[in-house]
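Quick notes on the structure that follows.
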Amino acid sequence: MPLREECLWEKLTPQRPDNTALRGEVKVDVCVIGAGFTGLSAALHLLEKGKSVCVLEAHRAGHGGSGRNVGLVNAGMWIAPDEIEAGFGEAVGSQLNRMLGAAPALVFSLVDKYNIDCQLRREGTLHMAHNAKGEADLRSREEQWKRRGAPVELLTGKACEQATGTQKIAAALLDRRAGTLNPMAYVTGLAKAVAGLGGQMFDHSPVTRLERQGQQWSVQTEQGSVLAEQVVIASNAYTEGDWTELKRNFFPGYYYQVASVPLTEDAAQEILPGGQGSWDTRQVLSSIRRDKDGRLLLGSLGNGNQKPTWFLKAWADRVQQHYFPNLKPVEWECTWTGRIAFTPDHLMRLFEPAPGLVAVTGYNGRGVTTGTVVGKAFADYLCNGNPQALPIPFAPMQPLAGVGLRSCLYEAGFSLYHAGQCLRIVI
């Protein structure tokens, strides 16, 4: 079977809304730009507070990084909680740790409240140590999170092998706050909930201009415009055009995934039998999970669109054979790539470049939960003006130097590592 370039989550979410493009002028309280996790969470929570809302999406809901996500409903950020407090300061960092630690519960509550069919599982996630250094890092993370009262546990020995389904991992950090879902189905459910509460959704409506007109903002598209008192820019890594400075405050990176056909043999059922999603401690990490139909999904940092399919299959074979050697040769079905907004310190940024205008970037690959939390926080802030509703304070926009060079260097490093994996030089 040839490896198709197709996002599995789109295939598994057939009832996606496809709204018409904006035509003419619309007047609302808040205009949200971008129909991903952040934008739809913001719109939904604004509508719940009685605001009128319009959502503009350049393509379709979930087209960007949200729908191409791995689907891990993680607590916290990639970096450890002590590092977050060191980066933001103790007061701000502890608030961010609290809000993101509770983020999976917020996602779960929205799924339950709006009856979203996104194949949600709440059994947690597993962060897997690939060597002794990785195990030491996980022991440190366990101590840091337990100090904050989180239900995490470092699994070792037989318990680790049973949870992961592999003998190649000596320790794995189980985070019981977390889970997995179909990210495109979650986005679709949020979009339907927004429409159900009276939110106006417009697809195929990329923004071409954003300007202040008196006490309101004018958001213009090719065929229409929105007048709004407040605007949320939630386009993140998929920000397009020159209407905002946001895209100069991050550098784009990529994450690709490869999915197998549904696996039915007994050895396949032993892979992550508890239903958790996982990722390892390699600097160029590999993510591993299964979907509701038993497919094996592998992913890693890098742009799969720039690699031939034989390379992607060779990489997937190498990772699968290393971790799960008892499996028969796996037939790989499809591959897709999503874009990530990176920041040099791996910390996100919130902006308020003008009154009534808020934006965010720099999730660094943690979109499901972080986007949902930030969207709700923006809604709270725009309604009550209290900055304590935000996970971190607003920062001034400071365009990064060498955005293109940073992206190229990251991609070159990822590709070199993956080539080493294919050649069995590294794993």
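Just so we're aligned, residue 0 is where the sequence shown starts under numbering that gives the first Met the number 0, counting upward by one.
Cβ coordinates follow ideal geometry from the N, Cα and C atoms, glycine included.
Legend entry - Element boundaries [beta strand (DSSP E), containing Leu278]: Sequence check: residue 278 is Trp here, not Leu. Element bounds for Trp278: Gly276 to Asp279.
Inset, instruction - Using three-state DSSP, classify Met127 as helix, strand or coil. - result: strand
Legend entry - Complete beta strand (DSSP E) runs within the region 5 to 34 (minimum length 3 residues, chain order): 23 to 32
Legend entry - Ala85 - containing alpha helix (DSSP H), residue span: Pro80 to Phe87
Inset, instruction - State the Cα-Cα distance for the pair Pro398 and Pro205, rounded to the nearest angstrom. - result: 22 Å
Legend entry - Host beta strand (DSSP E) of Arg211 (start-end): Val206 to Gln212
Legend entry - Leu296 classed as buried or exposed, judged by whether at least 16 other C-beta atoms fall within 10 angstroms: buried
Inset, instruction - Report yes if the C-beta distance between Phe36 and Val357 is below 9 Å; otherwise report no. - result: no
Inset, instruction - Can you grab the Cα-Cα spacing for the pair Leu45 / Arg140, in whole Å? - result: 35 Å
Legend entry - As assigned by DSSP and simplified to three states, the class of Gly434: Any property of residue 434 remains undetermined from this structure, which presents the chain solely from 0 to 426.
Inset, instruction - Would you list, in sequence order, the uninterrupted beta strand (DSSP E) runs of no fewer than 3 residues that lie entirely inside the region 272 to 325? - result: 276 to 279, 285 to 289 and 295 to 300
Legend entry - DSSP state of Arg3 mapped onto helix, strand, coil: strand
Legend entry - Rounded separation between His126 and Thr220 - CA only: 43 Å
Legend entry - Cβ-Cβ distance between Gly355 and Glu228 below 9 Å: yes
Inset, instruction - Compute the distance between the beta-carbons of Arg405 and Phe323, then report whether it is under 9 Å. - result: no
Inset, instruction - For the alpha helix (DSSP H) containing Pro182, list its first residue and its last residue. - result: Pro182 to Gly195
Legend entry - Simplified DSSP assignment, three categories, for Cys117: coil
Inset, instruction - Could you name the residues that DSSP lists as bridge partners for Cys229? - result: Looking at the sequence shown, residue 229 is not Cys but Gln. For Gln229, which the question treats as bridged, DSSP gives the partners Val29.
Legend entry - Terminal residues of the alpha helix (DSSP H) in which Thr243 lies: No alpha helix (DSSP H) holds Thr243; DSSP gives it neither H nor E.
Legend entry - Backbone CA spacing between Thr334 and Asn304 [nearest angstrom]: 9 Å
Inset, instruction - Give me the Cα-Cα distance between Leu2 and Val151, rounded to the nearest whole angstrom. - result: 37 Å
Legend entry - Assigned secondary structure, Gly178 (DSSP; H/G/I helix, E/B strand, else coil): strand
Inset, instruction - Check whether the Cβ atoms of Leu154 and Leu172 lie closer than 9 Å to each other. - result: yes
Inset, instruction - Please go through the same chain and pick out, in chain order, the residues whose beta-carbon is closer than 6 Å to the beta-carbon of Asn235, but skip the five residues on each side of it. - result: Ala340 and Thr360
Inset, instruction - Indicate the three-state DSSP secondary structure (helix, strand or coil) for Gln222 in the structure shown. - result: coil
Inset, instruction - Decide if Ala315 is buried, meaning its Cβ has at least 16 other Cβ atoms within 10 Å, or exposed. - result: buried
Legend entry - Beta bridge counterpart(s) of Ala135 as assigned by DSSP: None; Ala135 has no bridge partner.
Legend entry - Cβ-based burial, Ser285 [other Cβ within 10 Å; buried from 16]: buried
Legend entry - Spatially closest choice to Val27 from His129, Leu226, Asp111 and Phe310, by CA coordinates: Leu226
Inset, instruction - May I ask you to verify whether the region 54 to 65 touches the region 260 to 274, counting CB pairs closer than 8 Å and requiring at least 3? - result: no
Legend entry - Cα-Cα separation, Leu311 to Tyr254: 12 Å
Legend entry - the region 196 to 213 touching the region 374 to 386, judged by at least three CB pairs closer than 8 Å: no
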